[in-house]
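To start, the structure under review is shown below, and the notes come after it.
Residue numbers (my numbering): 11 to 205.
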């Protein structure tokens, strides 16, 4: 009888890693709403940045990458310091609210630098792609697209030439953008994951 109780207890304590990876929370939704409104305006859909946080860290405030990116938005300490220099109220990279605020602020800087993209979807993809790979990498990809007489402002053309762009782990970046889009498609209008 004790063996059965022990096995049952162990079964209840064991949570498969895949189940843990699927956990999504609304705990940070207020921060995503607040800083999207602050940096992008009241009509902008905050769920894009929640979808990004899900892709970056599965909304884990303690996430840390092998290269040192930290928090929900997986910011590098140097990026956080750059953002903090213009926003001194953002006091700590490990504070989930400031991590989200800094990530959305940084996205706004990238958004403003990608002004020639055709259509809103392309604009988002270039913003998120450069958040992941760096703007310089996508500028190099645009050069390759131009050399092949492809429109460098269209994300599908960037995907086409990606394998030819030197010093770019393109599969990671392209997968990252797709994952954000998939996360967004799984949310209802209130940011709840429905699929």
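Here a beta-carbon is modelled for each residue, glycine too, at the ideal position from N, C-alpha and C. Since the model is a prediction, treat every value here as computed from it, not as a measurement.
With hydrogens ignored, establish whether the beta-carbon of residue i is closer than 7 Å to any heavy atom of the ligand NAP.
i: residue 91; result: Summarising the ligand content, the structure contains no ligands, and the ligand NAP is consequently not present.
Just to confirm the assignment, what range does the alpha helix (DSSP H) spanning residue i have?
i: residue 40; result: 39 to 50
i: residue 201; result: Taken as a continuous stretch (DSSP letters only), residue 201 belongs to no alpha helix (DSSP H), as it is neither H nor E.
i: residue 184; result: 180 to 195
Going by Cα to Cα distance, which pick from the options is closest to residue i?
i: residue 7; options: 66, 166 and 174; result: Only positions 11 to 205 of the chain appear in this structure, which leaves residue 7 out of reach.
i: residue 59; options: 97, 116, 98 and 95; result: 116
i: residue 138; options: 152, 118, 106 and 42; result: 118
i: residue 112; options: 155, 151, 135 and 80; result: 80
i: residue 82; options: 47, 61 and 188; result: 61
i: residue 67; options: 195, 150, 197 and 38; result: 38
i: residue 143; options: 84, 129 and 73; result: 84
i: residue 40; options: 107, 103 and 76; result: 107
Using the Cα positions of residue i and residue j, report the straight-line distance between them to the nearest angstrom.
i: residue 177; j: residue 171; result: 13 Å
i: residue 88; j: residue 49; result: 20 Å
i: residue 153; j: residue 101; result: 38 Å
i: residue 200; j: residue 105; result: 24 Å
i: residue 35; j: residue 159; result: 44 Å
i: residue 86; j: residue 145; result: 15 Å
i: residue 43; j: residue 55; result: 8 Å
i: residue 180; j: residue 91; result: 27 Å
i: residue 93; j: residue 45; result: 14 Å
i: residue 196; j: residue 135; result: 18 Å
i: residue 203; j: residue 64; result: 11 Å
i: residue 32; j: residue 193; result: Reliability of the predicted coordinates at residue 32 is poor, the pLDDT of 48 falling under 50, and no value is obtained from them.
i: residue 99; j: residue 183; result: 31 Å
### Task
Please list the segments of the alpha helix (DSSP H) lying wholly inside the stretch 141 to 168, counting only runs of 4 or more residues, in order along the chain.
145 to 157
### Task
For the stretch 74 to 127, list the alpha helix (DSSP H) runs that are entirely contained and at least 4 residues long, ordered along the chain.
87 to 96 and 106 to 123
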